[in-house]
Amino acid sequence: MSFAGQTTLIMGVLNVTPDSFSDGGRWASTDAAIAHGLELAAQGAHIVDVGGESTRPGAERVPVPAELERVLPVVRELAGRGIRVSIDTMNSETARAAVDAGAQLVNDVSGGLADPAMGPLVADRGVDYVVMHWRGHSRTMNDLAHYTDAAREIREELFRRVDALEADGVAPERIIVDPGLGFAKTSDHNWDVLRHLRDFETAGLPVLLGASRKRFLSDLMWDGATPQDRDLPSAVVAALAAREGVWGVRVHDVVSTRIALDVVRHWDGGSAAMGTESGRGIR
Ligand code: PMM
């Protein structure tokens with residue numbers, strides 16, 4: 009389904025981890041994470057995506073109790089203040105606890121592959137569910153980046169997961185798909201996905217895109233550019249993706265994304281003043 013012409017949702021990234029590639033350690037304490045989550049919402053994030061396990065290439069798994077300790081107090085506090093929270097996890101146990109603490113959306117980078125109990129859990133709780141294209145855990149994913157026709161194969165693999173999850177009982181209207189930029193994909197694969205973004209919309213499901221600060225954007229930049237330096241190309245990608253009709257973008261820098269999306273709205277003839285769009289919320 010194309011959401012072109014509608015408000016593109018901004019999902020602000022809140023990594024409560026010591027080692028995420030783009031913002032590792034900055035929001036590792038509960039208080040700092042809550043403060044940053046409130047800041048993201050105040051800046052205009054429609055959803056705050058709380059994660060306790062880094063998925064950067066090479067990262068080791070985090071045991072569920074440690075993941076829960078990181079994310080639960082943050083989810084509870086932000087949801088308690090009326091913020092829409094998503095939980096970025098591959099573990100059904102963490103998803104269950106986070107939903108019970110107020111999360112409205114489960115964002116599973118493995119699309120249900122890492123934990124077979126995830127589909128049934130999401131079906132049972134009736135929450136929205138981001139199904140991302142994934143081929144394997146962070147330690148091995150760079151070795152799995154082999155395709156002959158990347159966008160087509162990624163799309164087919166992703167929609168096979170959608171079928172499996174619907175067979176688990178997940179309602180189709182709860183599913184959001186994400187091509188998973190950077191996960192078992194080289195820069196060329198990522199650009200191929202972006203060139204074919206509309207193909208991911210043809211099945212009628214909303215598309216979420218996570219390009220923010222990812223390494224392939226440094227193809228465009230100077231040597232030594234930091235992940236934060238990638239906020240400009242991230243915002244440009246968000247704007248282009250909005251015009252391609254994506255439902256939402258997952259980003260670290262909400263302010264630049266919001267300005268970029270406001271430009272799109274004005275370009276397309278939107279009448280709202282800069283920054284006043286309230287957003288459609290979660291479907
Ligand atoms: N990327 C990361 C983590 N979670 N979730 C979705 N749905 N899509 C993504 O592209 C995605 C994600 C890795 O980025 P980070 O370490 O900066 O959070």
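The sequence shown begins at 9 in this note's numbering and counts up one residue at a time.
All C-beta atoms, glycine included, are put in the ideal place defined by N, C-alpha and C.
So, using beta-carbon positions, are residue 139 and residue 79 closer together than 9 Å?
For the purposes of this step, residue 139 is taken as residue 131 along the sequence shown, with counting starting at 1. For the purposes of this step, residue 79 is taken as residue 71 along the sequence shown, with counting starting at 1. Not closer than 9 Å, so no.
Three-state secondary structure assigned by DSSP to residue 139:
Here residue 139 refers to the residue found at position 131 when the sequence shown is read from its first residue. Note: residue 139 maps to strand in three-state DSSP.
Whole-angstrom distance between residue 210 and residue 225, CA atom to CA atom:
Mapped onto the sequence shown, residue 225 falls at position 217. Mapped onto the sequence shown, residue 210 falls at position 202. Their backbone Cα atoms lie some 26 Å apart in a straight line.
Just verifying my parser: in three-state terms, what is the DSSP assignment at residue 92?
Position 84 of the sequence shown, counted from the first residue, corresponds to residue 92. Correct three-state label for residue 92: coil.
Output the boundary residues of the beta strand (DSSP E) element that contains residue 22.
Here residue 22 corresponds to residue number 14 of the sequence shown, with the count starting at 1. Element bounds for residue 22: 17-23.
Reduced DSSP category for residue 130 - H, G, I as helix; E, B as strand; rest coil:
As a first step, residue 130 is located in the sequence shown; it is residue number 122 there, counting from the start. Helix.
Does the segment 248-255 come close enough to the segment 53-71 to have 3 or more Cβ pairs within less than 8 Å?
no
DSSP-derived helix/strand/coil call for residue 218
Counted from its first residue, the sequence shown places residue 218 at position 210. Coil.
As a quick exercise: from 67, 130 and 146, pick the residue whose alpha carbon is nearest that of residue 95.
In the sequence shown, counting from the first residue as 1, residue 95 sits at position 87. With distances taken between Cα atoms, residue 95 lies closest to 130.
Neighbourhood of residue 46 by C-beta, 8 Å cutoff - its chain only, sequence neighbours within 5 removed
One-based indexing of the sequence shown puts residue 46 at position 38. Here the set comprises 86, 89 and 91.
Using the DSSP secondary-structure output, state which residues sit across from residue 115 in a beta bridge.
Working through the sequence shown from its first residue, we reach residue 115 at position 107. 96 and 138.
Cβ of residue 206 within 9 Å of Cβ of residue 115?
Within the sequence shown, residue 206 is the residue found at index 198, counting from 1. Within the sequence shown, residue 115 is the residue found at index 107, counting from 1. Contact flag unset, no.
Let me make sure I understand the geometry here. Which of 50, 51 and 75 has the alpha-carbon closest to that of residue 62?
Sequence index remark: in the sequence shown, residue 62 carries index 54 (1-based). Comparing Cα-Cα distances from residue 62 to each of 50, 51 and 75, the minimum goes to 75.
C-beta contact flag for residue 202 and residue 180 at 9 Å:
Your numbering for residue 202 matches position 194 in the sequence shown. Your numbering for residue 180 matches position 172 in the sequence shown. Contact: no.
Check residue 254 in the structure and name its three-state DSSP category.
Residue 254 sits at position 246 when you count from the first residue of the sequence shown. Coil, per DSSP.
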